[in-house]
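Asker: Which chain is which? The protein sequence lines are D and F, in order. Remember, my numbering sits 484 above the position in the first sequence when you count from 1. Remember, my numbering sits 1040 above the position in the second sequence when you count from 1. Where is the CB? At the ideal position from N, CA and C, for every residue including glycine. Sending over a structure as structure tokens; questions will come in a sec.
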Amino acid sequence: MSARSLTLGALLLAAIIAGSLATLAWGELGVGVPDLLAAARGEASTTATFVLERLRGPRLLVGIGAGLAFGLAGALFQTVTRNPLGSPDVIGLGAGAGAGVALATLLLPGLVPAPVGAMVGAGVAIGLVHLSTGLGFASPARVIITGIGVAAMATAVTQYVVAVALRDSSTQLAGYLVGTLNSRSLGQAAVIGGCLLVLAPAVALLSHDLRMMDLGDQLAEALGGSAIRTRTWAIVLSVLLAAAGVAVAGPIAFVALSAPHIARRMVGAPGPHLVLSALVGALIMVLADFAVQHVGPLENLPVGVITAAFGGVYLGYLLVTAWKKADA
Amino acid sequence: MRRLPPWAALVIVSAVLLLACLASIALGSREIDLAGLWQVVRGREDEHLRQVIAAREARTALGAVVGAALAASGMLIQGVTRNPLGEPGLLGVTSGASAAVVTATAFLGFSGGAATVWVALPGALLAVLVVYLLGRPAGSHSVVPLILAGAVISAVLYAYIQAMILTRPDVFDSFRHWVVGSLAGASYATLGAVAPALVLGVVLAAVVAPGLNTLALGDDVATALGTPVALLRATTILAATLLAAGATAAVGPLAFVGLAVPHLVRALVGGDHRWQLPIALVLGAALLLGSDVLARVIARPQELMVGVITAFLGAPFLLWAVRRGKVTA
């Protein structure tokens, strides 16, 4: 890892910490740094404990965890498909996982845990995309378009499930469709933390082969790697990571897409940049969550609305510049 | 497969439409048997039943008109762009129209009615324009950038609409169903409000249909045959936008109707746009009514938004078109 990457990583980490502290401290019921230190020693006031354990603490942890997972998932997927737009949220994986969560929690409560539902939903969605293109993941264009179709179908499933199970509750529907950090629990934070603990080392084991993949299939094979095996594992890990994120925070749009892009731009060199992508993903989530908690007109919106709006604009900007470059 | 003669196809789809209309009046969260229906028709019935039927008649009429408009709009877009994935929903037309209506409702105090469609129209045009600017790099004939740009614009506008609705629930209480596309609460007043835009759209569509046949031969050939290509293209896009914006103003964004129907129509009657137009109109009406019936009975006693059904039934056509190799990078 280059010195530049290390510096960037440290800066991102600092920004995440600063954003987290600000999110906790701002506004009414804010928990400042002295309160945090007191809480660490176990002598915080009941209000501060309540805010930390019930209100702002869980959603912050879930946000960071989901952001890390989305960033990693996006970086993995974009590297092995060699498709800057082939990210889990564009190709319908997020929507599929969301439908799985809705099915598991609303129609089969207690039988199927939400993360399992998310993984099954994500797996079905990506399998559908793989089958429908007729060429696997080889053609970026086909992957993107079938992904849009699969996402539409998954969204329809979610709406059906919510309509059947919850009768008529628009605010909860929004949570299932766009992803939110409102009313998270420490249990959910533990789920995403556990998933990351298992999956991140697996990604680390794969990272050497991934760097070779970045050079092209043939070169990777020549250097002794198996391109097909690496690609399969990377896609499986990416699906699991994205599904874990969706299970705790809902199908939050465009974080998996934009985090690896931003990381690549910051470094200025090609490559998977797994760690930096994960950190950027976490930072995006922290900032978006700060916005919906503390910025007046955005208050109380699901965090997915913010990432969809800004991520969408960023994707539009990418489209324009990418195709300008392709023309030149 | 041998194709049917066009008139036979028209007879068949008309029969399907008739069945769909009957089903739409007879089926719902409250069931009415055919004997009861017959009594209403003959004027002997109880008052409550009559009101249920009256509401369903309005809903059926609006559903048929909207389905026809969306299908014709999709057919026009696919014809003029020579692009099998052209569809008002995919190209951002419907989300542009919705965002404009939501904006007018939130900030200008609109509350439905005749004015909605004239708000929806510029919104739809603006969204299409942005999608084309984003997704049409000079010299490229790929569909993918366009579809992707449409998805991006739709995602951003959807976020905006969600934000509006969630932050101002008081204003949008009656709009929640509209946002996903629903025929619940349809009335003849809504139909009357959007009728001028839709009629104008259909007339323009009938005018440009023969020209689209020439355009299908390619721009150069069409120009050589004396077709005013630029004018034809502009008129077609105007007609398609009028139809889609009118339909959206009436019932909210409905995706994939305009995608699925033209594919079915081409399978039935081939490439002649003069026959495609009437069959698309009838088949679109039948398809939307069928979807609406399904939406009413599938989640009883709750009613599903028809947009959910059309997305689930229509999206596979997208996968199918890709699978058939109609998309090239």
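When you compare each of I1117(F), A1098(F), V1105(F) to T1275(F) by their alpha carbons, which one comes out closest?
Answerer: Considering only alpha carbons, the answer is I1117(F).
Asker: May I have the straight-line CA-CA distance separating A1246(F) from A1233(F), to the nearest angstrom?
Answerer: The alpha-carbon atoms of A1246(F) and A1233(F) are separated by roughly 22 Å.
Asker: Excluding five sequence neighbours on each side, which residues of the same chain lie with their C-beta closer than 6 Å to the C-beta of G605(D)?
Answerer: Closer than 6 Å at the Cβ level, and outside the excluded window around G605(D), lie G580, A581, A583, G584.
Asker: Determine whether the beta carbon atoms of L758(D) and A559(D) lie at a separation below 8 Å.
Answerer: In contact: L758(D) and A559(D) (Cβ atoms closer than 8 Å).
Asker: For the segment 1286 to 1309 of chain F, which residues have a CB atom closer than 8 Å to at least one CB atom of chain D, in sequence order?
Answerer: Answer in chain order: A1295, F1296.
Asker: If you compare alpha carbons, which of V732(D), V648(D), L760(D), P572(D) is closest to L590(D)?
Answerer: It is V648(D) whose Cα lies nearest to the Cα of L590(D).
Asker: On a Cα-Cα basis, can you pick out the residue from V1056(F), V1106(F), L1244(F) that is closest to L1278(F)?
Answerer: When each option's Cα is compared against that of L1278(F), the closest is L1244(F).
Asker: Residues of the segment 790 to 804 of chain D with a CB closer than 7 Å to any CB of chain F: list them in chain order, please.
Answerer: Those would be A792, A793, G796, V797, L799, G800, L803, V804, in chain order.
Asker: In this structure, how does DSSP classify A579(D) when only helix, strand and coil are distinguished?
Answerer: A579(D) falls in the helix class under three-state DSSP.
Asker: Which first and last residues belong to the alpha helix (DSSP H) in which S1194(F) is found?
Answerer: That run of the alpha helix (DSSP H) goes 1184 to 1207.
Asker: Would V1348(F) and A586(D) be called neighbours here (beta carbons separated by less than 8 Å)?
Answerer: Result no, Cβ atoms of V1348(F) and A586(D) do not sit closer than 8 Å.
Asker: Would you mind working out which of V1309(F), G1330(F), L1206(F) sits nearest V1297(F), comparing C-alpha positions?
Answerer: V1297(F) has its Cα closest to that of G1330(F), out of V1309(F), G1330(F), L1206(F).
Asker: Which of the three DSSP states, helix, strand or coil, is assigned to G664(D)?
Answerer: Before going on, a small fix: residue 664(D) reads as Thr here, not Gly. In the structure shown, T664(D) sits in coil (DSSP, three-state: anything other than H, G, I, E or B).
Asker: Roughly how many angstroms lie between the CA atoms of S1194(F) and L513(D), to the nearest whole one?
Answerer: About 37 Å.
Asker: Going along chain D, which residues have a C-beta under 9 Å from M1345(F)?
Answerer: Here the neighbours are Q643, A647.
Asker: Would you call W717(D) buried or exposed, if buried means 16 or more other Cβ atoms sit within 10 Å of its Cβ?
Answerer: Classification of W717(D): buried, given that the 10 Å Cβ count is 16 or more.
Asker: I need the DSSP call for H757(D), collapsed to helix, strand or coil.
Answerer: H757(D): coil per DSSP, three-state reduction.
Asker: Helix, strand or coil for N1253(F)? Go by DSSP, reduced to three states.
Answerer: N1253(F) falls in the helix class under three-state DSSP.
Asker: Kindly say whether Q1342(F), judged by its beta-carbon, lies nearer than 8 Å to any beta-carbon of chain D.
Answerer: At least one chain D Cβ lies under 8 Å of Q1342(F).
Asker: Given I1338(F), which residues of its chain have a CB within under 8 Å of its CB, disregarding the five upstream and five downstream residues?
Answerer: Closer than 8 Å at the Cβ level, and outside the excluded window around I1338(F), lie L1344, I1349.
Asker: Would DSSP call P1318(F) helix, strand or coil?
Answerer: Reduced to three states, the DSSP call for P1318(F) is helix.
Asker: Rounded to whole angstroms, what is the Cα-Cα separation between L1323(F) and V1106(F)?
Answerer: Whole-angstrom Cα-Cα distance: 12 Å.
Asker: Unbroken alpha helix (DSSP H) runs of length 4 or more, entirely within the segment 519 to 544 of chain D: which are they?
Answerer: Counting whole runs of 4 or more residues, the segment 519 to 544 of chain D contains the alpha helix (DSSP H) stretches 530 to 534.
Asker: Output, in sequence order along the chain, the residues in the segment 563 to 592 of chain D whose CB is closer than 9 Å to any CB in chain F.
Answerer: Listed by position along the chain: L569, V574.
Asker: Closest Cβ-Cβ distance between T639(D) and chain F: below 8 Å?
Answerer: True, the Cβ-Cβ gap to chain F drops below 8 Å.
Asker: I want to know whether the segment 1129 to 1141 of chain F touches the segment 1262 to 1269 of chain F - three or more CB-CB distances under 8 Å.
Answerer: Touching, no, given that fewer than three Cβ pairs across the two stretches are closer than 8 Å.
Asker: Measure the beta-carbon distance from A711(D) to M697(D) and round it to whole angstroms, keeping in mind my assumption that it falls under 8 Å.
Answerer: Contact holds; Cβ gap of about 6 Å.
Asker: Is any beta-carbon of chain D found at less than 8 Å from that of R1363(F)?
Answerer: True, the Cβ-Cβ gap to chain D drops below 8 Å.
Asker: What does the alpha-carbon distance come out to for the pair A1355(F) and P1128(F)?
Answerer: Rounded to the nearest angstrom, the two C-alpha atoms are 13 Å apart.
Asker: Could you give the first and the last residue of the continuous alpha helix (DSSP H) run that contains R748(D)?
Answerer: Residues 739 to 751.
Asker: Tell me whether T1267(F), by its Cβ, gets closer than 7 Å to a heavy atom of the ligand MG.
Answerer: With respect to the ligand MG, the structure shown offers nothing to examine, as it has no ligands at all.
Asker: So if I threshold CB-CB distances at 8 Å, which residues from the segment 1099 to 1117 of chain F count as touching chain D?
Answerer: For the segment 1099 to 1117 of chain F, which is checked against every Cβ of chain D, not one residue is closer than 8 Å.
Asker: Under 8 Å, Cβ to Cβ, is there at least one residue of chain F near A737(D)?
Answerer: It does; some Cβ of chain F falls within 8 Å.
Asker: For the segment 737 to 752 of chain D against the segment 676 to 683 of chain D, are there 3 or more C-beta pairs whose distance is under 8 Å?
Answerer: Judged by Cβ distances under 8 Å, the segment 737 to 752 of chain D makes no contact with the segment 676 to 683 of chain D, as fewer than three pairs qualify.
Asker: For a contact defined as C-beta to C-beta under 8 Å, what are the partners of A609(D) on chain F?
Answerer: What A609(D) touches in chain F: nothing, since even the nearest Cβ is about 12 Å away.
Asker: Mapping DSSP to helix, strand and coil, what is F794(D)?
Answerer: Of the three classes helix, strand and coil, the one that applies to F794(D) here is helix, per DSSP.
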